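K.L.:
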Amino acid sequence: MSHGGPGRISGDGAVVARAPAKVNVHLAVAPLGADGYHELRTVFLAVSLFDTVTVRPAERLSIELTGPFAGGTAGPDRVPTDRRNLVWQAAELLAQRAGVSAGAAITIDKSIPAAAGLAGGSADAAAALVALDTLWGTHATRGDLAELAAQLGSDVPFSLLGGVALGSGRGERLSPVLARRRWDWVLGIAGEGLSTPAVYGELDRLRAAGLLPSGEELASPDPVVAALRSGPVDALAATLANDLQEPAIALRPQLRQALDAAAAAGAAAALVSGSGPTVAALAADEDDAVSLAAALAGSGTFATVRAVHGPVPGARLVG
Ligand code: C5P
């Protein structure tokens, strides 16, 4: 990392970056590995729901939360404002790597709910890396930031990259995929989050009990990649798959009704996003997404409903 002049720093010294939520349109999970992680084959799609991270010069690190999903007071969707927050860890890691002192007043404006299967915490960490790199003049390359991102969490490298990507390893090893068309979705967001480790643990338990296939053979992502590249919508609808869906439903049985509600409202297909509990409902086009969102909002099944589209770019400076 070389040192140099600042990038986009506004009058009060603020630097702003944003990063998108993701949906896994394919998520095949191998058996639990010796390292406590599961080997994955996944296809990530970045969608147009963004968290915004603003950083300002300060002596020490501090985190303030704003926005519609600033967090509850208990449960897995509670967002901490200390070193347990991935943004704090991102700041310390970047500062240590660049040899600068980790001081910044950080505001995270949360439009992505926490513990929802949308990689909201990963988006915050990715946006923080980009913003702090400019604030501190650390001038890390995209490759440097990707390496730090992989140390922070399995989904952080994708939050940095955005677009569409094939993920392997823990999800942190990425190959970008060129998608030629836009995909419209409606996200049905539940009131309360689910813990990612709990959902992986439930998958292990259901597999050990013989209630789900072992995962020794990972489904190929090739059909979903081919469908994502050019469509049509029915081809993508037919290939969506998520090994974490059944364990998420086992922990949150209302998810079955939520998926049924999406099908009844006219979605081309619906699946649980990542470890849930968000339901991602595929729409035929933008107009269809608007009517699907209205139908789902009217169904009373979800606390929040959002029409989104993807692919969109990964973490980047704003303004
Ligand atoms: O990498 P990250 O910190 O986001 O992972 C959170 C938890 O999710 C891990 O501690 C692990 O329990 C589970 N996980 C997993 N296999 C993966 C990714 C995450 O078991 N590939």
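Under my numbering, the first residue of the sequence shown carries the number 34, and numbering increases by one thereafter.
We treat Cβ as the ideally placed atom computed from N, Cα and C, and that holds for glycine.
These numbers were taken from a predicted model, which means no experiment stands behind them.
Between the stretch 176 to 184 and the stretch 125 to 132, do at least 3 Cβ pairs fall closer than 8 Å?
P.N.:
The stretch 176 to 184, when compared against the stretch 125 to 132, does touch it at the 8 Å Cβ threshold.
K.L.:
Which of the three DSSP states, helix, strand or coil, is assigned to A336?
P.N.:
As a working note, residue 336 is residue 303 in the sequence shown. Correct three-state label for A336: coil.
K.L.:
Ignore the nearest five residues each way along the sequence and tell me which others in S332's own chain have a CB closer than 6 Å to its CB.
P.N.:
Translated into positions along the sequence shown, residue 332 becomes position 299. Correct list, in chain order: A294.
K.L.:
At the level of alpha carbons, what is the spacing between A296 and A303?
P.N.:
To locate residue 296, count along the sequence shown from 1; it is residue 263. To locate residue 303, count along the sequence shown from 1; it is residue 270. If you take the alpha carbons of A296 and A303, they lie about 7 Å apart.
K.L.:
What does a CB cutoff of less than 7 Å around G366 pick up in its chain, not counting 5 residues either side in sequence?
P.N.:
Outside the shown range of the chain, which is 34 to 352, sits residue 366, and nothing can be said about it.
K.L.:
Excluding the five sequence neighbours on either side, which residues of its own chain have a C-beta within less than 6 Å of the C-beta of H342, listed in chain order?
P.N.:
Numbered from 1 along the sequence shown, position 309 holds the residue referred to as residue 342. S81, R215 and D217, listed in sequence order.
K.L.:
Which residues in the same chain as R349 place their Cβ atom closer than 6 Å to its Cβ, once the five residues preceding and following it in sequence are excluded?
P.N.:
If you number the sequence shown from 1, residue 349 lands on position 316. The answer is none, since no qualifying residue turns up.
K.L.:
Any beta carbon of chain E sitting closer than 8 Å to that of P90?
P.N.:
Reference to chain E is not applicable here, since this structure consists of a single protein chain.
K.L.:
Please report the distance separating the alpha-carbon of G200 from that of D321.
P.N.:
Along the sequence shown, one-based indexing puts residue 200 at 167. Along the sequence shown, one-based indexing puts residue 321 at 288. Computed Cα separation, rounded: 29 Å.
K.L.:
Quick check on this structure: which residue in G221, V163, P146 and R206 has the alpha carbon closest to the alpha carbon of T338?
P.N.:
In the sequence shown, residue 338 corresponds to position 305, counting from 1. Looking at the sequence provided, one finds Val at residue 338 rather than Thr. Checked all of G221, V163, P146 and R206; the closest Cα to V338 is G221.
K.L.:
For the ligand NAD, is there a heavy atom less than 7 Å away from the beta-carbon of L73?
P.N.:
With respect to the ligand NAD, the structure offers nothing, as its ligand set consists of the ligand C5P.
K.L.:
In whole angstroms, what is the alpha-carbon distance linking N266 and A274?
P.N.:
By one-based count along the sequence shown, residue 266 stands at place 233. By one-based count along the sequence shown, residue 274 stands at place 241. Position check: residue 266 holds Val in this sequence, whereas Asn was assumed. Using only the alpha carbons, I get a separation of about 15 Å.
K.L.:
In terms of DSSP beta bridges, what is F77 paired with?
P.N.:
Taking the first residue of the sequence shown as position 1, residue 77 is located at position 44. DSSP output for F77 lists N57 and A198 as bridge partner(s).
K.L.:
Would you say the beta carbon of T171 comes nearer than 7 Å to a heavy atom of the ligand C5P?
P.N.:
On the sequence shown, position 138 is the one that residue 171 refers to. Not under cutoff, so the answer is no.
K.L.:
Mapping DSSP to helix, strand and coil, what is G154?
P.N.:
Here residue 154 refers to the residue found at position 121 when the sequence shown is read from its first residue. If DSSP states are grouped into helix, strand and coil, G154 belongs with the helices.
K.L.:
Helix, strand or coil: how does DSSP classify R262 here?
P.N.:
Numbered from 1 along the sequence shown, position 229 holds the residue referred to as residue 262. It is helical.
K.L.:
For T87, which of helix, strand or coil comes out of DSSP?
P.N.:
Locating residue 87 in the sequence shown gives position 54, where the first residue counts as 1. In the structure shown, T87 sits in a strand (DSSP, three-state: E or B).
K.L.:
Let me check understanding here. Comparing Cα to Cα, which of V312, S95 and H172 lies closest to V133?
P.N.:
In the sequence shown, the residue the question calls residue 133 occupies position 100. Out of V312, S95 and H172, H172 has the C-alpha closest to the C-alpha of V133.
K.L.:
If distances are taken between C-alpha atoms only, which option among A156, L60, A260 and T140 comes closest to P146?
P.N.:
Counted from its first residue, the sequence shown places residue 146 at position 113. It is A156 whose Cα lies nearest to the Cα of P146.
K.L.:
Under three-state DSSP, which class holds G343?
P.N.:
Position 310 of the sequence shown, counting from 1, holds the residue named residue 343. Of the three classes helix, strand and coil, the one that applies to G343 here is strand, per DSSP.
K.L.:
Hey, quick one: how far does the alpha helix (DSSP H) through T229 stretch, first residue to last?
P.N.:
Translated into the one-based positions of the sequence shown, residue 229 becomes position 196. Taken as a continuous stretch (DSSP letters only), the alpha helix (DSSP H) holding T229 covers T229 to A241.
K.L.:
Heavy atom of the ligand C5P less than 7 Å from the Cβ of P310, yes or no?
P.N.:
Position 277 of the sequence shown, counted from the first residue, corresponds to residue 310. Checking every heavy atom of the ligand C5P against the Cβ of P310, none is found closer than 7 Å.
K.L.:
Assign Q290 to one of two classes, buried (16 or more other C-beta atoms within 10 Å of its C-beta) or exposed (fewer than that).
P.N.:
Taking the first residue of the sequence shown as position 1, residue 290 is located at position 257. So Q290 ends up on the exposed side.
K.L.:
Could you spell out where the alpha helix (DSSP H) holding R93 opens and where it closes?
P.N.:
Translated into the one-based positions of the sequence shown, residue 93 becomes position 60. It is not in any alpha helix (DSSP H) - R93 carries neither H nor E in the DSSP assignment.
K.L.:
Consider the C-beta atom of P230 and the heavy atoms of the ligand C5P; say whether any pair is separated by less than 7 Å.
P.N.:
Walking along the sequence shown from the start, residue 230 turns up at place 197. Checking the Cβ of P230 against the ligand C5P gives yes.
K.L.:
What is the DSSP secondary structure of T272, reduced to helix, strand or coil?
P.N.:
As a position in the sequence shown, residue 272 is number 239, starting the count at 1. DSSP places T272 in helix when its eight states are reduced to three.
K.L.:
If you drop the 5 nearest sequence neighbours on each side, which residues of the same chain put their C-beta closer than 6 Å to that of G46?
P.N.:
Here residue 46 refers to the residue found at position 13 when the sequence shown is read from its first residue. Excluding positions up to five away in sequence, the list reads R89 and P90.
K.L.:
Could you please give the first and the last residue of the uninterrupted beta strand (DSSP E) stretch that includes W216?
P.N.:
Working through the sequence shown from its first residue, we reach residue 216 at position 183. Looking at the DSSP string, the run of the beta strand (DSSP E) that includes W216 is W216 to I222.
K.L.:
At the level of alpha carbons, what is the spacing between S308 and R238?
P.N.:
If you number the sequence shown from 1, residue 308 lands on position 275. If you number the sequence shown from 1, residue 238 lands on position 205. If you take the alpha carbons of S308 and R238, they lie about 15 Å apart.
K.L.:
So, V258 versus Q278, is the Cβ gap smaller than 8 Å?
P.N.:
Residue mapping note: residue 258 aligns to position 225 of the sequence shown, counting from 1. Residue mapping note: residue 278 aligns to position 245 of the sequence shown, counting from 1. Contact: no.
K.L.:
Give the range of the alpha helix (DSSP H) segment to which D293 is assigned.
P.N.:
Indexing the sequence shown from 1 puts residue 293 at position 260. Start and end: Q287 to A297.
K.L.:
For the alpha helix (DSSP H) containing L178, list its first residue and its last residue.
P.N.:
Residue numbering aside, residue 178 sits at position 145 when the sequence shown is read from its first letter. Its alpha helix (DSSP H) spans residues R175 to L185.
K.L.:
What are the residues that DSSP puts in a beta bridge with I145?
P.N.:
Translated into the one-based positions of the sequence shown, residue 145 becomes position 112. Per DSSP, none; premise fails for I145.
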